[in-house]
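Data block below; observations after.
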Amino acid sequence: MAKRSTTGRARKERDPLTRKQHLSKAERDALWQQRVLIGAGVLGGLMLIALLGALIYDLVIVPEQAVSEVNGQEIKTDDFRRRVRAQRWFLADQVREFHSQTGQLDSGTVNYLDDAETVGTQVLDQMELEILLKEQAEELGVEVDEEAVQSQVDDYIARYTGQSLTPTPTSSPTPVEVILSTPFITATPSHTPAPTSTIPSTALPTIEGCEGEDCATVTPLPSPTASLTPTATPEVTDTPEPSETPLAPDDVRSTVEDFESDLYEDAEDVADVDREIIRDIFYFQALQDALRTHITDEMIANGELADERLSAEARHILIAVPEELQGPAFDPAVCDSEEWAPYREEADEVLAELNAGAPFATLARAVSDDEGSAVQGGRLQPAQDVDATYVPPFAEAIREGEIGEYLGPVCSQFGFHIIQVFDKEWQDIPESELFQARSQAYQEWENDLRDSANIQRRDDWRERIPEEPDVDELLGDLIEDN
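Quick note on numbering: the sequence shown equals residues 1224 to 1705 in my numbering.
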C-alpha cells in the first residue's frame, strides 16, 4: 500500500476556536476579547479619520470657499463670517448707547439681531458693494488716506464721549439721513391743467412800458412809527446753569485714545473681531464719502445735478387743449399735430393782441383757461425753484426768456401758454437741500453700479451665516434688567 504524500499544498490553518482540539474556556474568552478589541480599534480609527476629515473641511476648506464672487473677485466664507460678527457687535453697541441715553432697550434692534439671516444678507450686500466701490475708486483715482479713516473713527467715538480729535465734535448720536425719492412738483390747477396761482403777499415789480391795471407795482411794507418815549418792557431772564469746564486738548486726546483702545479690545473679546476688521469698516465708510463727493461734483460740473436754482415771478395765459387730447404722457410731437392746431392758432392770436398793446391782465381774465390765475390777471405765485414748480417746457421758457418779454406760445401737456416774466434770479441751493440731492444722486449711482455688476452667490451661502455672538452674549445683562 502506497504511502500518502507529505508534500504539495500547505495545510490550512484552522481557527483555534473551531479546532477540535480542546481549548480551555479562559483561552477561548481571551481570543474573543482580542477580536473585539481589534474590531473596536479599527472602528475607532475609521471614526477618528472621519472626524478629522470633517474638522479639516469645516476649519480649513470651508473658510477658504467663496460665498460670493463679484466681477471675478471672491468673498471668502471666513471674511464674511468675521464681518457678520463685527456687524452684530456694532448693532449691540448701538443698543447699549441707546440704553445709556434713554434708559430703555431698543427692542427693534434687538429683534433685528435675532434675525441672523437678515443681518447676514445686509453684510453680504455691503461686502459686494465694497468690491465695486474699490474698483471704481481705482478707475477714478479716488484715494482714502489714514487721516480720513481716523476721522470716521473719531466721529463714531464722539457719539459716546462727546469728545473728538476732529474740529467739530458732537455729543449726541449723528442722525441718519433718510433720502426719499421726491418727484418733481408740477403746478396744476384744480379746474384746468395749468400752473395755478394765489394772490401774492406783495405786489410784483413794475414791467417797463406797461400802463394802468396791467402793471404790477411794488408795494413797500409799512415801517414802524418811531416813538419819542419808548416804554421799556421788563424781561424775565433765567439764571444760566453753570456749564461744564471743557477738557484740555491733552485730556481730550487721552479720553479719545483710551476709548478707541477699549473699542478694539471689546470687539475682539466679545465678537472675536480684530482691529483690522473694525478699521476696514471705517475705511469703506470714508471711501463712500470720498466717492459721493467726487461723483456728485462731476454731476454738478456736467449739469446732471444742480447746485443752484432759479427763482422767478411770472404770469401766463393758457389756451388749454381738451383732456381727451392730452394723453397719459406728453409727447412734444403733438404740439404740431392737426388736433392741436386750432389751439395753437388761438394762442398765436392772443400773442398778436399782446404785441399790439392789449393789456395782459385783461386778456388773461377774458381768455385764459387757467381759472386759478386768470382772476389775478394771469399772475402766478412766486416760484422759489422754477424746475421743481413748473412742468419742463414752462420752466425752460422762463429760464431762457428775457424779463418783460412775451414768451410763446409755449407748448406743454396742458396746451399753449403765453408767458411774461417779471423777475428771476439764480440762487445757491441751501446746503442741507444740496446734501439731500447729492445723497440721492449718489445712491442712484450705487444702484446702477450694482445692477451692472456680475455677482454670483453660492447656493448654500445662507447656511454659512454665523449666529454668534448671540443676543444673550451681547446684551444679556441689559435684557435681564429690562
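Cβ coordinates follow ideal geometry from the N, Cα and C atoms, glycine included.
This one's a predicted model, so the numbers in the text were calculated from it and none came from an experiment.
Where residue i falls, given that 16 or more other Cβ within 10 Å makes a residue buried
{"i": "residue 1625", "result": "exposed"}
{"i": "residue 1488", "result": "exposed"}
{"i": "residue 1591", "result": "buried"}
{"i": "residue 1612", "result": "buried"}
{"i": "residue 1263", "result": "exposed"}
{"i": "residue 1284", "result": "exposed"}
{"i": "residue 1341", "result": "exposed"}
{"i": "residue 1532", "result": "buried"}
{"i": "residue 1393", "result": "For residue 1393, the predicted structure reports a pLDDT of 39, less than 50, and the residue's modelled location is therefore unreliable. A value from the coordinates is still provided. Label assigned to residue 1393: exposed."}
{"i": "residue 1545", "result": "exposed"}
{"i": "residue 1703", "result": "exposed"}
{"i": "residue 1601", "result": "buried"}
{"i": "residue 1308", "result": "buried"}
{"i": "residue 1190", "result": "For the chain, the structure presents residues 1224 to 1705; residue 1190 sits outside this window and is missing."}
{"i": "residue 1695", "result": "exposed"}
{"i": "residue 1270", "result": "exposed"}
{"i": "residue 1380", "result": "buried"}
{"i": "residue 1555", "result": "exposed"}
{"i": "residue 1260", "result": "exposed"}
{"i": "residue 1551", "result": "exposed"}
{"i": "residue 1589", "result": "exposed"}
{"i": "residue 1210", "result": "What the structure shows of the chain is the stretch from 1224 to 1705, and residue 1210 is not part of that stretch, so it cannot be assessed."}
{"i": "residue 1272", "result": "exposed"}
{"i": "residue 1596", "result": "buried"}
{"i": "residue 1570", "result": "buried"}
{"i": "residue 1364", "result": "exposed"}
{"i": "residue 1603", "result": "buried"}
Reduced DSSP category for residue i - H, G, I as helix; E, B as strand; rest coil
{"i": "residue 1293", "result": "strand"}
{"i": "residue 1401", "result": "Note that residue 1401 scores 34 on pLDDT, short of 50, meaning its location in the model is unreliable; the coordinates nonetheless yield the value given after this. Correct three-state label for residue 1401: coil."}
{"i": "residue 1632", "result": "strand"}
{"i": "residue 1328", "result": "coil"}
{"i": "residue 1606", "result": "strand"}
{"i": "residue 1680", "result": "strand"}
{"i": "residue 1690", "result": "coil"}
{"i": "residue 1704", "result": "helix"}
{"i": "residue 1288", "result": "coil"}
{"i": "residue 1696", "result": "helix"}
{"i": "residue 1263", "result": "helix"}
{"i": "residue 1488", "result": "helix"}
{"i": "residue 1579", "result": "coil"}
{"i": "residue 1366", "result": "coil"}
{"i": "residue 1272", "result": "helix"}
{"i": "residue 1497", "result": "coil"}
{"i": "residue 1626", "result": "coil"}
{"i": "residue 1477", "result": "helix"}
Residue-chain proximity (residue i, chain B), Cβ-Cβ < 9 Å
{"i": "residue 1663", "result": "Checking the listed chains, one finds no chain B in this structure; it contains a single protein chain."}
Where the alpha helix (DSSP H) containing residue i begins and where it ends
{"i": "residue 1303", "result": "1300-1325"}
{"i": "residue 1342", "result": "1339-1363"}
{"i": "residue 1375", "result": "1369-1384"}
{"i": "residue 1655", "result": "1654-1674"}
{"i": "residue 1596", "result": "1594-1597"}
{"i": "residue 1590", "result": "1583-1590"}
The beta strand (DSSP E) enclosing residue i, as first and last residue numbers
{"i": "residue 1645", "result": "1638-1651"}
{"i": "residue 1621", "result": "That residue, residue 1621, is in no beta strand (DSSP E); its alpha helix (DSSP H) goes 1615-1623."}
Checklist line | Stretch pair the segment 1645-1658 + the segment 1527-1537: three plus CB contacts closer than 8 Å | finding: yes
Next item on the list: Would you check if the segment 1347-1361 and the segment 1287-1307 touch, i.e. whether three or more CB-CB distances between them fall below 8 Å?
Entry: yes
Note to self: Under 8 Å, with one C-beta from each stretch per pair, do the segment 1297-1313 and the segment 1687-1696 reach the 3-pair mark?
What the structure shows: yes
Next item on the list: Starting from the N-terminal side, write out each stretch of the alpha helix (DSSP H) that is 4 residues or longer and does not extend beyond the segment 1516-1565.
Entry: 1546-1549
Next item on the list: Would you check if the segment 1306-1325 and the segment 1493-1508 touch, i.e. whether three or more CB-CB distances between them fall below 8 Å?
Entry: yes
Item checked: Sufficient close CB pairs (3 or more, under 8 Å) joining the segment 1509-1521 to the segment 1323-1331 -> no
Margin query: Check whether the segment 1375-1383 and the segment 1500-1512 are in contact - that is, three or more C-beta pairs closer than 8 Å.
Written below: By the Cβ criterion, the segment 1375-1383 is in contact with the segment 1500-1512, since at least three pairs of Cβ atoms, one from each stretch, lie closer than 8 Å.
Notebook entry, point to check: Is it true that the segment 1660-1672 meets the segment 1572-1584, where meeting means three or more beta-carbon pairs spaced less than 8 Å apart?
Noted result: no
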